Structure formats: C-alpha cells, structure tokens
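Structure, as structure tokens:
In this note's numbering, the protein residues as written are 12 to 221.
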C-alpha cells in the first residue's frame, strides 16, 4: 500500500503546499511514508484538476489518497462528486482525511477477525460521513458565493463596487504564453496560476479586441 498526498488551494495566491508537513507527520506517525505529493491551485468546485487525476492514474488498488480535509478533495456538486467517487471506487483507492477520524483505519492493518469485522463496519460509516462532509463543503461553497453576490449587489447599489483588481503583470505573462501556442494547462503551470485565471485573462483580451 502506498500513500499519495493531495494538496489543493483555490487560487495561485494561496499556498497549496501549506499542509504538506502536517500530512507527512500524520503518515509517519502511523508507520507510512508518502510516495508522492500532488499540489495544485484549482477550485474544489471543479472536476478540472490535473494533479488529482494524475494521482489517481498513479495509484494502485488498496493505495491511500491522503488529504488534510474533505473540502480539499471536493466542493463539487452532487453529480460531479458521484462521478469522482465512482472513479475512486473503481480504482479501489481509500480516501483518508485528517478531519475524518473513521478514515484513519485505512492506514492501519486489522490484526484479528474481530478487528476486520469492526473495520468493515467503520468503512461503511466512513463512506456515509465522507458523502456528508462533501455535501457540507459544497453548501459552504454555495453559501459563500451567495454572500459575495449579495455584497457586490449592495456595493453596486451604493455605487461603491469597483470590481476585482487585475494583476496586469501576471496577465501579460499569461498572454505571452498563450501567444506562443501554449495550452491553458501549460500556461497555468508556467505562470504559477490556476487555469481559471488563464481563462479569465484570455476572455479579457478577447473582449478588448472585439
């Protein structure tokens, strides 16, 4: 069994590797070494996450996908979450999250038949809790978007809204990469940004040209 650590942050300005040491220590305390780290800056509400799927491609049946919190893995809609869960189950990969104690058993080996029976019960409970926490993470995401929208609408009504500031230097680097024929993913990697930022820069350029 190998342990693969997935580290996600939503934007390029956030540090995806923030929890790296915490995950390393967690695995080490249970007698495991992390085989690989897969950090990326992408929204948890999107299935377009190259590093997550690179991890799943590399994982073998019985391996562990280790995350700090369930919301690092998913803030997905119900249908997208079901799709990701089916991929994880098809690979027979076990999700272990630091904030989900029932999942910690997957880093331990049952020593008796009684322990194996208990592990099966805990695994069933864990699946239910994993789905529940994924639903909570999505609700938190939707609530945050709604509050942001309400705040923007209020600011517009009071003529205080100026929009999100654009990092002009970053956008110039992005556009330069795109002009060389680089893909969205290659551009994001080269400029240290998320693909959503690359898409935004591209759209702004197209709007300016139209």
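Beta carbons: idealized from backbone N, C-alpha and C, even for Gly.
Quantities reported herein were computed from a predicted structural model and do not represent experimental measurements.
Continuous beta strand (DSSP E) stretch holding residue 20: start and end: 14-20
Cα-Cα separation between residue 34 and residue 195, rounded to whole angstroms: Their backbone Cα atoms lie some 30 Å apart in a straight line.
Residue 51 in three-state terms, based on DSSP: strand
Beta-carbon spacing of residue 82, residue 148 below 8 Å: Yes, Cβ-Cβ distance for residue 82 and residue 148 is below 8 Å.
Backbone secondary structure at residue 209 - three-state DSSP: DSSP, reduced to helix, strand and coil, places residue 209 within a helical segment of the structure shown.
Buried or exposed by the 16-neighbour rule on C-beta atoms within 10 Å, applied to residue 145: buried
Cα-Cα separation between residue 162 and residue 154, rounded to whole angstroms: So the alpha carbons of these two residues sit roughly 12 Å apart.
Identity of the residues DSSP links to residue 105 by a beta bridge: 75
Integer-rounded CB distance, given that residue 106 should sit under 8 Å from residue 98: Incorrect: roughly 12 Å between the Cβ atoms, too far for contact.
Spatially closest choice to residue 131 from 142, 114 and 143, by CA coordinates: 114
Coil, strand or helix - residue 46 by DSSP: Strand, per DSSP.
Opening and closing residue of the alpha helix (DSSP H) in which residue 61 lies: 61-69
Contacts around residue 202, its chain only, beta-carbon distance under 7 Å, and the 5 residues preceding and following it disregarded: Cβ neighbours of residue 202 beyond the five flanking positions: 181, 184, 185 and 188.
Minimum C-alpha distance to residue 43 - residue among 59, 61, 197 and 12: If you compare the alpha carbons of 59, 61, 197 and 12 with that of residue 43, the shortest gap goes to 12.
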